[in-house]
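Take a look at the structure below.
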Amino acid sequence: MNISNRKTYMLNMGPAHPSMHGVVRLVLELDGERIMACETEIGYLHRAFEKHAESETWNNVVPWTDRLNYVSPLINNVGYALVVEKLAGITVPERGQYIRVIACEISRVTDHLTCIAATAMELGSLTVFLYLIKARECLYQRVDELTGARITTSFTRVGGVKADLPAGFAEKCAAAFAEVRTAICEADQLLTRNRIFMDRVEGTGVISKEDAVAYGITGPFLRSTGVPYDVRRAHPYLVYDRFDFVIPVGSTGDNYDRYLCRLAEIEQSLCILEQAFAQIPDGDHSLEPREMKHAYELQDMGKRGDTELIERYAAKVDQTLEGMAAAIRAPNRWATLPAKEQTYTNIEGLMNHFELVMWSWGIKIPVGETYSAVEGANGELGFHAVSDGADGPYRLRCRPPCLFTMAALSKILIGAQIADIVPTFGSVNMIAGELDR
Amino acid sequence: MPLEASIPPAGAMTTRIEAALGWARKYSIFQYPFVTACCGMEYMSAAASHYDMDRFGAGFPRFSPRQADCLLVVGTISHKIAPVLRRIYEQMPRPKWVVAFGVCTCTGGFYNDYSTVQGIDTIVPVDLYIPGCPPRPETVLQGLTLLQEKIQKIGGRNR
Amino acid sequence: MNAIQGERRDISSERNHEELSSLKAEGYNMLVDLTCVDYCAQGRSPRFDVIYRLMKFDLADGKDLGRLEIHCGAGEEPVLRSVRDLWPVADWLEREVWDMFGVKFYDRPDIKRLLMYEEFVGHPLRKDYPILKRQPLIGPKDGAKADSPSFNILKPTVTGE
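Chains as they are written, first to last, in numbering that gives the first Met the number 0: chain A, 0 to 436; chain B, 0 to 158; chain C, 0 to 160.
Here it is as structure tokens:
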């Protein structure tokens, strides 16, 4: 047998692979251990997000957006709400914007924690995985308290957020952030100067700046090549221009730089969160101070017919009940639910609520189309919404950041070894929900 | 052929052996986590240290279907990946159990559309349904204990 | 606020490649997005509106120097020239537009589906494709060898095209 006769063979890293990244197929043409060519096949989690959005009302699309990038669901919620508000010309009051920033940054931290944890686990470091998932758990409990669910949050509404921050949220978050900081410190000590880890990730998965731009890549992937592009700085949205934060950049564009970028971004997000909690304006002061009575007491008065008596009091309702506070809700009554006092105590409020909630009534966004983007954990997460005046989107396009990174993957992997696929794929942070929509 | 089929019928001894095998099997579930979507995050939470599936004996995922006995289908199954799922199921040796984790695998979830399989029980026989979108880790652990009861009762028969 | 949307320009679908390559020469080095909208429910003609979103990106300091939203109308049997040679990522984006809307792109290697499986018939995001229309489940491909790796074997080329 002529051993100098080089032949390549095909290896299929099939859709069901032993990493927690979801379902993607890599068909590799190998020469020994070297990858000569690589083809990526996606679409195994196509769940018709864009088609479903066309048959839902504007607010009902929010649960579908949760499941896009399901590791940072609040960022998708906020991105979608921003594009609808841009179409409609609605501005959310300041407190609502600060709450959205807090939600976004907590989500960004959970995403980066999950990415680093999964990558580390695949390279053999199960300890780091357990430490970081434990830290993520603390954040999930805060998200649970804020939104009612750990992962599929459905937190934003057109014109505001679901509800105000629960009582004592800032203190509990401070405790959670301390846990996260401890965990990333431990991960840093275990991984960053670890010989095995560095040998696997340093110099692998290299992409140049020009290639990254040619492929439309943004986010930590682009920042690792040395380009400091962040949508929060380039096109500030919500109240990001009030915060003092650094954009970490790498230099070589390899997996090690991406790991370091993500680790640094966690710390930056925690800084932003602390500033947000310090700067957030107080809650509802728009109503004149009136004596508070429980809603059921007001109902009893109404049933007895004492309507003049009702007007003297303000309804005391749990602050996490939807539609409660004026400070988190845009004042446009055709888009956001009225305050519960209005709904429960007068007919105009009730009609307003009814018209927003009943099917085929709802929020009617003026005709037009627009594009808006937020900084997702993987890069620029854009939404292009087209409205024809109906109660739901005519077309909603989600621009997923990891589609562009995955398109470049086949180029990055050429010449690499099979063992380099694992850290590269981990640092791409492909989230199938976003990739396949 | 499962182990019980090779034991000649001998009355009381058989039931003791079956109970012992059921006990052994239920506390050493080697799962094959077929993770596709968001439920994977809750699977990670359930497997990690806070909720810890390992104390139920199910903490060791086997990443090859040939070595696994419980197929944990986690996340939405689309028409594109359905044949892959069927194939993985067929590659697993018996006795095997299938857990439909998350409502997308139970009934399709709210993805009633052109590309989602409306419940994996249209493709593979399912032993345990864990609903939720995604199910909280406590629900997952409850499901796991129910699966263990099932394994104890049914053992390896007809699996 | 509209800096991120960019100025809207309309170009003709016959000359899309010429216009886009002149824009690329002007400095629009990043293709941010390529998508399509189906206006048949509104009875508009041309039926499809293909949208290219471009950004002038400064590599040195990561500044967004300007964006453009290029609209390009395409009729019932839409065919547009591919811009793969200008921006490599257009390969996947065009495959997705073909898959979801049926807008064909020429001057590129065979276009194939990106998100749906190959046996799927139709283009789901068109307004006349009902969302509930499921097609029969596909099974393993016939004729595959018992130990062949998987279904739908693709043939990558060694040059990585």
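Positions of the beta carbon are idealized from the N, C-alpha and C atoms, including for glycine.
In this text, all values refer to a predicted model and were calculated from it rather than measured experimentally.
| Check | Outcome |
| --- | --- |
| On the three-state DSSP scale, how would you describe A/Pro-422? | helix |
| For A/Ile-279, which residues does DSSP report across the bridge? | In DSSP, A/Ile-279 forms no bridge with anything. |
| Could you name each continuous beta strand (DSSP E) segment of 3 residues or more that falls completely within the stretch 134-203 of chain A, going from the start of the chain to the end? | none |
| Would a C-beta distance cut-off of 7 Å place B/Leu-71 and B/Phe-109 closer than the cut-off? | no |
| Alpha carbon to alpha carbon, how far is A/Ala-174 from C/Gly-65? | 42 Å |
| Could you check where the alpha helix (DSSP H) with B/Glu-137 kicks off and where it finishes? | 136-153 |
| What are the boundary residues of the alpha helix (DSSP H) that A/Arg-231 is part of? | 230-233 |
| Using a C-beta to C-beta distance shorter than 7 Å, which residues of chain C count as neighbours of A/Val-100? | Residues of chain C passing the Cβ test: none, with the nearest at roughly 17 Å. |
| Output needed for B/Ser-44: all residues of its chain with C-beta closer than 7 Å, excluding positions within five of it in sequence on either side, in chain order. | Tyr-50, Pro-136 |
| For C/Glu-68, return the contacting residues in chain A, with the cut-off set at a CB-CB distance below 8 Å. | Tyr-370 |
| Under 7 Å Cβ-Cβ, which residues of chain B neighbour A/Thr-118? | Per Cβ cutoff of 7 Å: no residues; A/Thr-118 is ~13 Å from chain B at best. |
| Quick one: residues in its chain with C-beta nearer than 6 Å to the C-beta of A/Ala-263, no 5 flanking neighbours on either side, listed in chain order? | Pro-247 |
| List the whole-angstrom C-beta distance separating A/Val-179 from A/Leu-269, where the pair is believed to meet the contact cut-off of C-beta under 8 Å. | 7 Å |
| C/Tyr-105 by DSSP, collapsed to three states: which one? | strand |
| Classify A/Met-437: buried if its beta carbon has 16 or more other beta carbons within 10 angstroms, exposed otherwise. | Outside the modelled stretch of chain A, which goes from 0 to 436, sits residue 437 of chain A, for which no answer is possible. |
| Using a beta-carbon distance cut-off of less than 7 Å, what residues from the stretch 71-99 of chain B approach chain A? | Thr-75, Ser-77, Lys-79, Ile-80, Val-83, Ile-87 |
| Hey, how far is the Cα of A/Leu-29 from the Cα of A/Ile-417? | 9 Å |
| Using a Cβ-Cβ cut-off of 7 Å, state whether B/Tyr-31 counts as contacting chain C. | no |
| Going along chain B, which residues have a C-beta under 9 Å from C/Leu-131? | Asn-111, Asp-112, Tyr-113 |
| Excluding the 5 residues flanking A/Lys-410 on each side, which residues of the same chain have their C-beta closer than 6 Å to its C-beta? | none |
| Between the stretch 41-57 of chain A and chain B, which residues of the former have CB atoms less than 7 Å from a CB of the latter, in chain order? | Gly-42, Tyr-43, Leu-44, His-45, Arg-46, Ala-47, Lys-50, His-51 |
| With a threshold of 7 Å between beta-carbons, can C/Gly-138 be considered close to chain B, or not? | yes |
| Taking DSSP as the reference, what is the three-state secondary structure of A/Phe-353? | helix |
| Should A/Ile-346 go down as buried or exposed, given a rule of 16 or more other Cβ atoms within 10 Å for buried? | exposed |
| Kindly indicate which three-state DSSP category B/His-49 falls into: helix, strand or coil? | coil |
| Pull up the distance between the alpha-carbon of A/Pro-92 and that of A/Pro-165, whole angstroms please. | 18 Å |
| Is the beta carbon of A/Asp-419 less than 7 Å from the beta carbon of A/Thr-203? | yes |
| How close, in whole Å, do the beta carbons of C/Tyr-161 and C/His-122 come, if the pair is a contact with beta carbons under 8 Å? | What the structure shows of chain C is the stretch from 0 to 160, and residue 161 of chain C is not part of that stretch, so it cannot be assessed. |
| Is it right to say B/Arg-15 is buried, meaning 16 or more other beta carbons lie within 10 angstroms of its own, or is it exposed? | exposed |
| Can you pull out the residues from the stretch 20-38 of chain C whose beta carbon lies closer than 7 Å to at least one beta carbon of chain A? | Asn-28, Met-29, Leu-30, Val-31, Asp-32, Thr-34, Val-36 |
| Strictly under 7 Å for the Cβ-Cβ distance: is C/Pro-123 near chain B by that measure? | yes |
| Could you tell me which residues DSSP pairs with C/Asp-48 in its beta bridges? | C/Val-36, C/Gly-72 |
| At least one CB of chain B closer than 7 Å to the CB of A/Lys-133: is that the case? | yes |
| Might you give, ordered along the chain, the residues of its own chain that have their beta carbon closer than 6 Å to the beta carbon of A/Tyr-239, omitting 5 neighbours on each side? | Arg-231 |
| Where do the N-terminal and C-terminal ends of the beta strand (DSSP E) with C/Pro-77 fall, by residue? | First-last for C/Pro-77: undefined, no H or E at that position. |
| Can you pull the chain C neighbours of A/Phe-244, defined as C-beta to C-beta under 7 Å? | The contacting residues do not exist; A/Phe-244 stays about 15 Å from chain C at best. |
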